[in-house]
Amino acid sequence: MDRAQIVHENFLSRVAAGDLPKGAPPRPGLSRSDAVSLFRSQVLSRALDRTSRAMQKAGQGFYTIGSSGHEGMAAVAHALRPADIAFLHYRDAAFQIARAEQVPGQQIAWDMLLSFACSREDPTSGGRHKVLGSRALMIPPQTSTIASHLPKAVGAAYSLGAARRHPPEHRQLPEDGIAMCSFGDASANHSTAQGAINTAGWTSVQSIPLPLLFVCEDNGIGISTKTPRGWIQASMEHRPGIRYFQANGLDIYETYAVAQEAAAYVRIRRKPAFLHLKTVRLYGHAGADVPTTYLSRAEVEAEEANDPLLHSVRLLAEDGALMPADALAIYEQTCARTDRIAAEAATRPHLANAAEVAASLIPPKRTCKPTNGPSAEARAQTFGGDMRAMDEPQPMSRLINWALTDLMLEHGEIVCMGEDVGRKGGVYGVTQKLQQRFGPDRMIDTLLDEQSILGLAIGMGHNGFIPIPEIQFLAYLHNAEDQIRGEAATLPFFSNGQFSNPMVLRIAGLGYQKGFGGHFHNDNSLAVLRDIPGVIIACPSTGADAAQMLRECVRLAREEQRLVVFLEPIALYPMRDLHGAQDGGWMTTYPSPDRRITLGEVGVHGDGTDLAIVTYGNGHYLSRQALPELEAAGVKTRIIDMRWLAPLPAEALREATQDCRHVLIVDECRRTGSQSEALMTFFAEESRAAPTARVVAEDCFIATGPAYAAPLPSKDGIVAAALSLTGAAK
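Under full-length UniProt numbering, read the sequence shown as residues 1 to 730, first letter to last.
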């Protein structure tokens, strides 16, 4: 017999017989009516678990991962306020149901069953996933990725204090709110969880406000791997800066009392706390998982005998709140009700095509207060002596710094964060003076953990800030790429556009650094970013372009709630000369603050029709170096700087190349997985299809020392390829 059916029949027979598990008497603090309400939430959670399994068996539902055994989370919801943002473990249906009881007008059973049926009428994901979450309940939807939501919970908690000092225009969370995140004992071992917990303690010991409640639901097992007995308490009880609380999650009275105490500590002290709840897991891990294949029958039956609903029936009876017969009636009526609702939910329409599925990848635009930019007086006071240098050509790094300064003056909700961005001013000096200009709470020096940097940004985006996190080197992103791929980029998709986490992620990267760092600092692979749906990737090649594109990136984040990656070529930060020493050919003057380069607008240098070189970043610089030799060989050339790598600026590229007889793609990234592959496909699919070739990096890492550029495109290689393609080499 299916374990879910066994648990169901055990509940019916044991309640009818008065055979209830023993335990502590009810703790004071929970009113009888509230206790009954929590029991109803627990029962609805259980009934939905059973119904979801039946729907899947009937082909009406498509994924099951249940909350049975974790119904005590209803009491945690009751201890919090409905405006406290909650990032939930996938076993927390009871939390969401109990929170719905705190907010008028909710139809939680109907809403959740629409989600189970993957109906496009599902108010959370629009039919894209069976997922917990609700905009009305301030529960951003989570997928089942292990612990990946903890870093952004830290960021959301940090944003509560930051918003007191700098209230953003689109503030979402109340001033006295707290953030909460829940997870399982197995997830607590994940590096992402450990990093987030460490970051919370690191922040707290510095007396920086961080009102965050971690809730660990300890059922003693992760899929089939047991958690060592006492491990969670031993590893979490004495974390610096984090107060530890413990409760029996099978007892709603105790859970409520301890959760209320923990929430009050977090809310009043503005410090993080760790609530350790003992739970059980019923039915196995998910879907058709059979727990008796990796646990003994005695172990499984012992857990089932500790069913939290049986404990609730006993506690309610001892409190005089509800007699067992009445509890049994509530259970049976709720099961029948969910079956009736499920039958209707299963008839509701699904998403019909790819366009409907993808419709929520891009979040909706939002109205922002108009601004004329910073005043002349404010700029003069902030820039000081830099104002005198603005009429002179400057390298890219300095122009990015000035653009950031103007943007931060104009938009008080912009916050920058990263390793060394504040006091030091960045590894390459790009953010020099910004902390002196705007203070340490807008130029945040973080600990050395990329997951925490991105989590801070994502969480602050939840509360109306425009974060500009910095990843020090492109290769460092790989330590934390799931924060972009699995969290930031998926949030609008899984919330049907109701939640977003806008940001401009600055990354210093690409190759051509002479003799520094090897492959870990010279990283010429963008593949990890290019295939993430909904992400915008910008890559400037000149200082003037960098300033104007950065302004557009901030506009996209602020007004269109987009997730933007601003990739800054390190080798071009200090670049001054183009053809010869001290010619100053690659420096530009600072564009006035009202000038932008819009998304999809490419740059065109020259008007030749023999050859179009399509490139970006360092490739643009090298192609410009190659231009005199090509012109001398009689090849009339134009150079097209893509600027925007994703989405591909197809229309602009089509227009810029339509009258050219040949197309050469120059891509400093590797042959495999590079932008050049997409460009070759694009030009091959064009109806006029001019002969096309590419110059790319080898499928190889980059060395330190004199051979740093050996696997990369070069000026000479571009010239040779161009002459061969056009026939001028003959």
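Quick reminder that beta carbons are idealized off the backbone N, C-alpha and C, glycines included.
Please say whether residue j and residue i have beta carbons closer to each other than 8 Å?
i	j	result
I414	L407	yes
H70	D92	yes
A547	Y590	yes
E254	R281	no
V696	V663	no
I85	G177	yes
M503	P467	yes
L316	V36	yes
D21	A305	Note that residue 21 corresponds to Pro in the displayed sequence, not to Asp. It is a contact, given that the beta carbons lie within the stated cut-off.
R135	G127	no
Q42	S224	no
A693	A652	no
G511	E668	yes
G587	P393	Sequence check: residue 587 is Met here, not Gly. Contact flag set, yes.
residue 732	L456	The shown model of the chain, from 1 to 730, leaves out residue 732, and the question about it has no answer.
G497	P363	yes
F214	L310	no
L351	R379	no
L477	F566	no
Y294	V7	no
Just reading off the beta strand (DSSP E) that residue i is part of, what are its end residues?
i	result
E217	212-218
K278	273-278
A678	No beta strand (DSSP E) holds A678; the alpha helix (DSSP H) holding it covers 675-685.
P569	563-569
S182	179-184
N248	243-248
P469	466-471
M443	443-445
R423	Counting along the chain, R423 falls outside any beta strand (DSSP E), and DSSP gives it neither H nor E.
Give the straight-line distance between the Cα atoms of residue i and residue j, rounded to the nearest whole angstrom.
i	j	result
P649	R596	16 Å
P82	R671	51 Å
N219	T279	5 Å
D391	G617	24 Å
G585	M396	12 Å
E356	A54	27 Å
K369	E169	8 Å
F245	P211	15 Å
L474	L44	47 Å
A47	A342	11 Å
E677	M387	43 Å
A262	P272	9 Å
I640	R661	14 Å
S525	F383	36 Å
L723	T637	11 Å
I268	F39	29 Å
P492	A389	42 Å
T657	A612	6 Å
S592	R551	11 Å
The alpha helix (DSSP H) spanning residue i covers which residue range?
i	result
T692	Not the alpha helix (DSSP H): T692 falls in the beta strand (DSSP E), residues 692-697.
S41	32-57
L434	434-438
L712	Where L712 is concerned, there is no enclosing alpha helix (DSSP H), given that its DSSP letter is neither H nor E.
G619	617-632
Any idea if residue i is buried or exposed, counting beta-carbon neighbours within 10 angstroms, 16 or more meaning buried?
i	result
G184	buried
E377	exposed
P104	exposed
L447	exposed
M323	exposed
T143	buried
C539	buried
T367	exposed
C700	exposed
T334	buried
L12	exposed
Q206	exposed
I146	buried
I537	buried
D19	exposed
Verify the contact flag: residue i, CB atom, against every heavy atom of the ligand GDP, threshold strictly below 7 Å.
i	result
G230	Although the ligand GDP was asked about, the structure shown includes no ligands whatsoever.
Within the chosen definition, does the region 599-619 reach the region 637-648 through at least 3 CB pairs nearer than 8 Å?
yes
When the Cβ atoms of the region 229-241 are set against those of the region 190-209, are three or more pairs found closer than 8 Å?
yes
I want to know whether the region 256-274 touches the region 107-115 - three or more CB-CB distances under 8 Å.
no
Is the region 147-166 touching the region 425-432, taking contact as three or more C-beta pairs under 8 Å?
no
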